[in-house]
Amino acid sequence: MSYQVLARKYRPGTLAEVVGQPQTVKALVNAFDRQQLHHAYLFSGTRGVGKTTLARIIAKCLNCETGVTSTPCGICANCVAIADGSFVDLIEVDGASRNKVEETRELLEDIAYLATMGTYKVYIIDEVHALSDSSFQTLLKSLEEPPEHVKFVLATTNPDKVPVTVRSRCIQFHLRTMSIETIDEHLRSVLDQEGIRYDDASVRTLARLGQGSMRDALSLTDQAIALCGTDLAEAAVVDMLGCAPQNDVALILEHLVRRDRDGLFSAVAELVARGVDFSEVLAGLENGVHSLAMAKATHTSPDEALVDLLDQCETAWLQQAYQVLIMGGRDLQYAPEPRVGFEMTMLRLLDFVPIKIEDSAPEPTGKSTENVERTADSVTPVVSNSTDITQASATQTDIGSKSPEERRKTWQEQPIRMQAKRTEERRAEKERTANAKEAAMQVFTSEDEPPYVQILKDRFDAEFDAEWLDDENTQPR
Numbered sequence: 001m002s003y004q005v006l007a008r009k010y011r012p013g014t015l016a017e018v019v020g021q022p023q024t025v026k027a028l029v030n031a032f033d034r035q036q037l038h039h040a041y042l043f044s045g046t047r048g049v050g051k052t053t054l055a056r057i058i059a060k061c062l063n064c065e066t067g068v069t070s071t072p073c074g075i076c077a078n079c080v081a082i083a084d085g086s087f088v089d090l091i092e093v094d095g096a097s098r099n100k101v102e103e104t105r106e107l108l109e110d111i112a113y114l115a116t117m118g119t120y121k122v123y124i125i126d127e128v129h130a131l132s133d134s135s136f137q138t139l140l141k142s143l144e145e146p147p148e149h150v151k152f153v154l155a156t157t158n159p160d161k162v163p164v165t166v167r168s169r170c171i172q173f174h175l176r177t178m179s180i181e182t183i184d185e186h187l188r189s190v191l192d193q194e195g196i197r198y199d200d201a202s203v204r205t206l207a208r209l210g211q212g213s214m215r216d217a218l219s220l221t222d223q224a225i226a227l228c229g230t231d232l233a234e235a236a237v238v239d240m241l242g243c244a245p246q247n248d249v250a251l252i253l254e255h256l257v258r259r260d261r262d263g264l265f266s267a268v269a270e271l272v273a274r275g276v277d278f279s280e281v282l283a284g285l286e287n288g289v290h291s292l293a294m295a296k297a298t299h300t301s302p303d304e305a306l307v308d309l310l311d312q313c314e315t316a317w318l319q320q321a322y323q324v325l326i327m328g329g330r331d332l333q334y335a336p337e338p339r340v341g342f343e344m345t346m347l348r349l350l351d352f353v354p355i356k357i358e359d360s361a362p363e364p365t366g367k368s369t370e371n372v373e374r375t376a377d378s379v380t381p382v383v384s385n386s387t388d389i390t391q392a393s394a395t396q397t398d399i400g401s402k403s404p405e406e407r408r409k410t411w412q413e414q415p416i417r418m419q420a421k422r423t424e425e426r427r428a429e430k431e432r433t434a435n436a437k438e439a440a441m442q443v444f445t446s447e448d449e450p451p452y453v454q455i456l457k458d459r460f461d462a463e464f465d466a467e468w469l470d471d472e473n474t475q476p477r
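Using this note's numbering, the first residue of the sequence shown is number 1, and each one after it goes up by one.
And the structure:
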């Protein structure tokens, strides 16, 4: 018998076996138990989180010989045929390779015919977002009102590319990325069933590098088993994956905290000799800094390899180190080579130290508190006029003798009084400006001479009369 990879061998066959998607599983179980069957389902989420697996389980739930149920038996002819891919009423296609409108029409030609072996015909379209616009238009009517014996199950990693008209015709479930703890627990279960010995660090590393995908984690586990045989060890796993073990991460962080340049770059040289992936090393350092920061914030213990560093690093440095590591990982692709980018990131962590607030405070001048208070009391506040001083003093006296409600009312009315005062000042200023302009217009000549405006008027009248007089008889024309 040929070898079957772990991701296929341990693919869930029932809803109860699905891990990492409790909300979706609960909704489907309730729907099947109550016989509330939707005609179209849309599963979205990143790769390896169970979209196709759930689609096949739905086909089992609909066509099990025991009837429509949330717990298919898995041993009847229909369940076995669905599991091995030979069930004729399960039509599974890849939207990326069959995205033309002609292929979609061909797929839907037999939709009117009843199921041959089971109760329902189930159409599973994987990567449905890759269909062309014409294919979506062809699918719309069948998707909205399919025959009673037809169910559609769509799966996609990019739901935003699926037209809204399609999404609105389906009941949509978004499958979440799985946590490291969930993947770690499932990997341990698989390894136990396979009879593989392992240590905690190796399984944790495989779970972390799965990046939320159970299939990716199982594929990495297959690779590790091929390398290590029946005994998984952290050293072999990290050497295979090109990442740094937890002890190396702790060693680098220790050199950084102690400002040990020689020790740090000696450790970097060893990493280079082992051919590690520096992006993975930066990710390990980020996780280490996060573990220390959370331990300080929550008064808990960090990872075992980092316990000795907890009292040696300060919170401000951990925050800065995390930001520097994040930027270093982002800029690693622009470095001439990964080692250069990694070493420059380490130099930033060594050379730039957070400034303490108490270090930047001004030095004491030598004056005693008594002298400072005497100096402050001797300073006379600057005010605009004596009226303001009187008003301020009166206000303070009144406020001190009033009840809290009266003081609150006084403070609430103060902006209104100030606004009225500013309005009155502006009105008086405008009046003063107008009076000054009027006075200036009158001061053109001395008191013994007529106003300048009258002189201009007399001169204009004289010139006008002279222009219209007749030269011969001095009569107007």
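Beta carbons: idealized from backbone N, C-alpha and C, even for Gly.
The structure presented is a predicted model; accordingly, all values stated were derived computationally and were not measured.
1. Give me the Cα-Cα distance between residue 146 and residue 39, rounded to the nearest whole angstrom.
2. Can you tell me which of 150, 266, 351 puts its alpha carbon nearest to the alpha carbon of residue 107?
3. Counting only the same chain and skipping the five closest in sequence on each side, list residues whose C-beta sits under 7 angstroms from that of residue 207.
4. Helix, strand or coil: which one does DSSP assign to residue 113?
5. Where residue 348 and residue 235 are concerned, what is the direct C-alpha to C-alpha distance, given to the nearest angstrom?
6. Can you tell me whether DSSP reads residue 342 as helix, strand or coil?
7. Establish whether the CB of residue 228 and some CB of chain B are separated by less than 7 angstroms.
8. What's the C-alpha gap between residue 55 and residue 227?
9. Where does residue 178 land, buried or exposed, given buried means 16+ other C-beta within 10 angstroms?
10. Please report how far the alpha carbon of residue 176 lies from the alpha carbon of residue 48, in whole angstroms.
11. Just curious, the beta strand (DSSP E) that residue 155 is in, first and last residue?
12. Let me confirm a value: residue 174 is counted as buried when at least 16 other C-beta atoms fall within 10 Å, else exposed. Which label applies?
13. Tell me whether residue 78 is buried or exposed, calling it buried when 16 or more other Cβ atoms sit within 10 Å of its Cβ.
14. Taking a contact to mean a Cβ-Cβ separation below 7 angstroms, would you say residue 89 touches residue 50 in this structure?
15. Are there 16 or more other CB atoms within 10 angstroms of the CB of residue 25, so buried, or fewer, so exposed?
16. Run through DSSP, which three-state label would residue 12 get?
17. Is residue 253 near residue 309, with beta carbons less than 7 angstroms apart?
18. Assuming the contact rule is C-beta atoms closer than 8 angstroms, residue 305 and residue 247 should be a hit. Round their C-beta distance to whole Å, please.
19. Using the beta-carbon count (16 or more within 10 Å), is residue 336 buried or exposed?
20. Quick one: what's got a C-beta closer than 8 angstroms to residue 194's C-beta in the same chain, skipping five residues either side?
21. Note down, in chain order, each residue of its chain lying with its Cβ closer than 6 angstroms to the Cβ of residue 278, except the 5 sequence neighbours on either side.
22. Beta carbon of residue 479, beta carbon of residue 53: below 7 angstroms?
23. So is residue 97 buried or exposed if we call it buried at 16+ other beta carbons inside 10 Å?
24. Are residue 75 and residue 60 touching if we call contact CB-CB under 7 angstroms?
Answer, in terms of the structure:
1. 7 angstroms
2. 150
3. 180, 183, 184, 187, 217
4. coil
5. Answer to the nearest angstrom: the Cα atoms are 29 angstroms apart.
6. helix
7. Judged by its chain identifiers, the structure shown contains no chain B, having just a single protein chain.
8. 33 angstroms
9. Residue 178 counts as buried, since at least 16 other C-beta atoms from the protein chains shown sit within 10 angstroms of its C-beta.
10. The alpha-carbon atoms of residue 176 and residue 48 are separated by roughly 10 angstroms.
11. 150 to 156 is the span of the beta strand (DSSP E), which, as asked, contains residue 155.
12. exposed
13. So residue 78 counts as buried.
14. no
15. buried
16. Residue state for residue 12 is assigned as coil, using DSSP reduced to three classes.
17. For residue 253 and residue 309, yes; Cβs fall inside 7 angstroms.
18. 6 angstroms
19. exposed
20. 6, 225
21. 338, 342
22. The structure shown does not extend to residue 479, since the chain spans only 1 to 477, so no value can be given for it.
23. Flag for residue 97 reads exposed.
24. Result no, Cβ atoms of residue 75 and residue 60 do not sit closer than 7 angstroms.
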